[in-house]
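Trainee: Starting off with a structure, shown below.
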Amino acid sequence: MNEVDRAAEFFAQGLNCGQAILAGFGQRFGLAPDTALRLARSLGGGLSLGLVCGAVAGSFMVLSLEGEIKGPDDREARDRVRTRVREFARRYKEANQSIICRELLGLDISTEEGSRLFKERGLLTAVCAPAVRQAALILQDMLG
3 MNEVDRAAEF
13 FAQGLNCGQA
23 ILAGFGQRFG
33 LAPDTALRLA
43 RSLGGGLSLG
53 LVCGAVAGSF
63 MVLSLEGEIK
73 GPDDREARDR
83 VRTRVREFAR
93 RYKEANQSII
103 CRELLGLDIS
113 TEEGSRLFKE
123 RGLLTAVCAP
133 AVRQAALILQ
143 DMLG
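Okay, so the sequence shown: first residue is 3 according to my numbering, each after it adds one.
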């Protein structure tokens with residue numbers, strides 16, 4: 003199973019969007035699945051606040067795993083990650099018009115009303131599952 007399918011399957015099994023991405027791609031960088039699940043636990047629902055989509059945030063974490071770090075003051079590594087993150091965000095936004103969870107969903111999932119509407123409208127399947135797959139496809143392309 004490739005990483006895109008693995009991320010989609012993790013999401014279908016009940017992981018949040020950020021967990022699905024990090025667990026789906028983290029093994030490539032030696033990240034144990036249980037560690038990925040713990041690290042990304044708060045990413046779902048737009049960092050639990052309706053902010054940056056968890057699939058996007060999880061993708062940023064994957065991009066941060068890429069490459070070596072020479073030390074705490076390794077500006078080259080920081081700049082490389084910033085460039086990659088910006089490229090990912092540009093591509094995701096181009097495909098989805100936003101990287102913000104509440105804009106993608108059309109409601110604020112961090113509120114009681116938003117959470118209720120999210121469930122009633124079936125947005126987990128209609129919006130979030132395709133968002134996870136889209137993020138995974140962009141990551142797959144960027145990582146080669």
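Using N, Cα and C, we set each Cβ at its ideal position, and we do this for glycine too.
1. Given this structure, state the Cα-to-Cα distance separating R118 from A9, to the nearest angstrom.
2. Would Q136 be called buried (16 or more neighbouring beta carbons within 10 Å of its own) or exposed?
3. Which class does I140 belong to by DSSP, given the choice of helix, strand or coil?
4. Cutting at 7 angstroms between CB atoms, please list the residues of its own chain near S44, excluding the five before and the five after it.
5. From P35 to G46, what distance separates their C-alpha atoms?
6. Quick check: what's the CA-CA separation for L106 versus G20?
7. Using the Cβ count rule (16 or more neighbours within 10 Å means buried), how would you classify D76?
8. Buried or exposed: E115, going by 16 or more other Cβ atoms within 10 Å of its Cβ?
9. Let me know the secondary structure DSSP gives I102 once reduced to three states.
10. I'd like to know if E96 contacts chain D, where contact means its C-beta is closer than 8 angstroms to some C-beta of that chain.
11. Any chance the stretch 24-42 sits against the stretch 94-113, with 3 or more Cβ pairs inside 8 angstroms?
12. Out of L65, Q15 and R88, which has the shortest C-alpha to C-alpha gap to L24?
13. Assuming I101 contacts C55 (C-beta within less than 8 angstroms), just tell me the rounded distance between them.
14. Find the nearest neighbour of I140 within the set F90, G108, L53 and E68, judged by alpha-carbon distance.
15. Considering only residues of the stretch 36-74, which uninterrupted beta strand (DSSP E) runs meet the minimum length of 3 residues and lie entirely inside it, listed in chain order?
Mentor: So, from the listed chains and residues:
1. Rounded to the nearest angstrom, the two C-alpha atoms are 26 angstroms apart.
2. Answer is buried; the Cβ neighbour count reaches 16.
3. Assignment of I140 by DSSP, reduced to helix, strand and coil, places it in the helix class.
4. The beta carbon of S44 sits closer than 7 angstroms to those of S50, all from its chain and outside the five residues before and after it, given in chain order.
5. Going from the Cα of P35 to the Cα of G46 covers about 17 angstroms.
6. Each residue's Cα considered, the two are about 15 angstroms apart.
7. Answer is exposed; the Cβ neighbour count stays below 16.
8. Its Cβ having fewer than 16 others within 10 Å, E115 is exposed.
9. Note: I102 maps to strand in three-state DSSP.
10. Of the protein chains in this structure there is only one, and it is not chain D.
11. Result no; under three Cβ-Cβ pairs closer than 8 angstroms.
12. When each option's Cα is compared against that of L24, the closest is L65.
13. I101 to C55, Cβ: 6 angstroms. Contact.
14. Nearest neighbour of I140 by Cα position, chosen from F90, G108, L53 and E68, turns out to be F90.
15. You should have found no qualifying run.
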